[in-house]
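To keep things clear, I will list the structure first and then write my remarks on it.
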Amino acid sequence: MAGQIDKERKESVNVYLNVETMDELVPWNAPAVIAIKRKGETDYQPEIAGLSLNAALEYATDPDLAFSIKICIFFDWDGREHRIEGRQIWRLATDPQRPAHRHEE
Numbered sequence: 423m424a425g426q427i428d429k430e431r432k433e434s435v436n437v438y439l440n441v442e443t444m445d446e447l448v449p450w451n452a453p454a455v456i457a458i459k460r461k462g463e464t465d466y467q468p469e470i471a472g473l474s475l476n477a478a479l480e481y482a483t484d485p486d487l488a489f490s491i492k493i494c495i496f497f498d499w500d501g502r503e504h505r506i507e508g509r510q511i512w513r514l515a516t517d518p519q520r521p522a523h524r525h526e527e
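Numbered per our numbering, the sequence shown spans residues 423 to 527.
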């Protein structure tokens with residue numbers, strides 16, 4: 423999954439998910455990885471693995487996160503790796519159909 427975000431794979435595998443036109447149910451329990459890009463860096467680096475999409479959204483929308491980093495979420499769904507960032511994260515995090523977050527072991 424996104425734990426191996428190398429340049430060749432990133433070019434060919436990442437599919438940006440258009441959450442506005444998504445016709446299917448959101449895969450809240452899909453395996454996800456938080457990746458961050460710190461100020462001055464050009465690529466996202468994996469930071470936290472072993473999360474569900476729902477747990478990753480919880481982390482990504484934490485108001486105490488430093489504003490000097492950018493966050494994206496990679497998750498597997500329907501046989502492909504998807505990537506969401508910025509407003510897409512907020513749209514999913516505030517989706518009224520999103521289940522309440524439970525801390526994962």
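A virtual CB, placed ideally from N, CA and C, is assigned to each residue, including glycine.
- Considered as a whole, the region 440-482 harbours 453-460 and 467-474 as its complete beta strand (DSSP E) runs of no fewer than 3 residues, in chain order.
- Counting other Cβ atoms within 10 Å of its Cβ, Asn451 stays below 16 and is therefore classed as exposed.
- A contact between stretches requires three or more CB pairs, one per stretch, nearer than 8 Å, and the region 473-486 meets this requirement with the region 516-523.
- It is roughly 22 Å from the alpha-carbon of Glu503 to the alpha-carbon of Glu463.
- With fewer than 16 other beta carbons inside 10 angstroms of its own, Arg460 counts as exposed.
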